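Using this note's numbering, the letters of the sequence shown correspond one by one to residues 82 to 372.
The structure under discussion appears below in the form of structure tokens.
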Amino acid sequence: MDNLSIINTPKIHTNYGFTAPKRQQKLTPSQTIATLKKLQTSLDVDSLLSNFAAIAAEHVRFTGLSFTDATNNIQLKSDCTAVFQQNYHLSAMGKDLGSLLYSSVNPLKLNELSLLKELHQLLEINLMHALMLQEMQIRIMKDHLTGLDNRASFDENILRSYSLCQRHKSNMALLITDLDNFKRVNDTYGHQFGDRILKHYAHILQRSIRNSDMAFRLGGDEFAIILQPASSQSTNLVIERIYSEIKCDPLLSEFNITSAIGSAMWRAGETIESLFKIADEDLYNSKVNIK
């Protein structure tokens with residue numbers, strides 16, 4: 082059931098100039114079929130909602146539209162003249178899908194509200210499937226223990242970062258790190274305690290990097306971090322921050338767990354394989370220096 086609320090507050094947007102629709106009360110059978118066909122062309126959440134926004138704009142005089150749920154905040158259309166906002170909560174098969182927020186210069190007419198209700202009913206089941214697929218894809222890319230991205234996600238993101246470096250001549254740094262004395266602790270105190278240490282270390286890495294950077298668990302006690310953009314100075318600051326966090330951490334200190342970090346800065350002509358090799362060799366040298 083649609084839940085309608087009107088908020089008489091202006092909102093800053095960009096005008097997309099939607100054309101005024103005819104005063105139509107219901108979708109025709111041919112319009113319903115055409116709408117379903119267009120909505121079923123993609124299970125990507127962004128693409129699906131963009132298609133829906135284009136369809137809705139043919140029938141309703143809105144100038145702004147956004148979708149929000151637990152993981153998405155998608156601005157589909159925006160404007161700078163809207164005074165009225167109308168919020169619809171979407172659901173399918175008892176599952177809450179999120180909300181569509183429409184902005185308009187004038188209140189929507191009754192025939193437009195009726196058409197939106199029909200359009201939402203056509204959207205909801207497709208949106209549910211798209212959101213389920215998105216959630217599944219996110220889970221596939223996550224390490225279930227630490228919550229960091231996993232090796233598959235690392236392979237995908239290092240390729241994307243490498244492409245950005247080549248295309249825009251920007252810089253990135255790769256950090257490889259693992260835990261010293263982890264095997265001893267894991268063998269002595271059991272795997273459950275070992276898992277606790279891994280999750281704890283993952284949190285240290287996560288809070289030591291910027292929002293634009295990404296941390297990954299490659300497997301076992303081996304982790305990687307992609308810093309982008311990056312300079313030698315910013316990379317060293319991150320490394321120093323991680324070492325400082327480890328040194329001051331009560332849990333890791335109690336069990337004499339330390340960490341070594343290897344780093345590599347991308348340079349023109351560098352491949353992903355050579356970048357990883359440089360970081361791995363630097364990790365080995367770091368371990369030697371610690372000992």
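Quick reminder that beta carbons are idealized off the backbone N, C-alpha and C, glycines included.
All figures in this text were calculated on a predicted structure; none of them were measured in a lab.
Residue state for residue 122 is assigned as coil, using DSSP reduced to three classes.
Within a 10 Å sphere around the beta-carbon of residue 221 sit fewer than 16 other beta-carbons, which makes this residue exposed.
The count of Cβ pairs closer than 8 Å, one atom from the region 334-348 and one from the region 264-282, reaches three, so the stretches are in contact. For residue 201, the enclosing alpha helix (DSSP H) has its first and last residue at 191-221. With fewer than 16 other beta carbons inside 10 angstroms of its own, residue 111 counts as exposed. Under the three-state reduction of DSSP, residue 299 is assigned to strand. Residue nearest to residue 287 within the set 311, 264, 320 is 320 (criterion: CA-CA distance). Following the DSSP letters along the chain, one finds residue 225 in no alpha helix (DSSP H), marked with neither H nor E. The continuous stretches of beta strand (DSSP E) do not include residue 264, which lies in the alpha helix (DSSP H) extending over residues 263-270.
In summary, residue 152 is exposed, with fewer than 16 beta-carbon neighbours lying within 10 Å of its beta-carbon over all protein chains present. Collapsing the DSSP output to three states places residue 328 in a helix. Residue environment: residue 241 is assigned as exposed (fewer than 16 neighbouring CB atoms within 10 Å of its CB, all protein chains considered). Remark: C-beta atoms of residue 143 and residue 172 do not approach each other more closely than 7 Å. Counting only residues of its own chain and dropping the five nearest sequence neighbours on each side, residue 366 has a CB closer than 8 Å to the CB of 343. Secondary structure at residue 366: helix, using DSSP grouped into helix, strand and coil. Taking C-beta atoms as the reference points, residue 238 and residue 104 fail to come closer than 7 Å.
One thing to note: residue 278 has its Cβ no nearer than 7 Å to the Cβ of residue 326.
Buried is the label assigned to residue 257, since at least 16 other Cβ atoms lie within 10 Å of its Cβ. Residue range 232-249 is occupied by the alpha helix (DSSP H) that includes residue 233.
Between the region 114-131 and the region 204-214, the count of Cβ pairs shorter than 8 Å is three or higher; the stretches touch. Residue burial is scored here from C-beta neighbours: residue 163 has at least 16 other C-beta atoms within 10 angstroms and is therefore classed as buried. Counting C-beta pairs closer than 8 Å gives three or more between the region 221-235 and the region 291-305, which meets the contact rule. For residue 135 and residue 202, the gap between their C-alpha atoms comes out near 16 Å.
Annotated as proximal: residue 341 and residue 368, with beta-carbon spacing under 7 Å. Between the alpha carbons of residue 255 and residue 291 lies a distance of about 14 Å.
Minimum Cα-Cα distance from residue 235 among the listed residues 305, 119, 219, 263 corresponds to 305. Residue 180 holds the alpha-carbon nearest to the alpha-carbon of residue 147 among 176, 281, 322, 180.
Taking 7 Å as the cut-off, the beta carbon of residue 145 is found closer than this to the beta carbon of residue 159. Following the DSSP letters along the chain, one finds residue 157 inside the beta strand (DSSP E) bounded by residues 154-158. In the DSSP assignment, residue 167 falls within the unbroken beta strand (DSSP E) covering 165-173.
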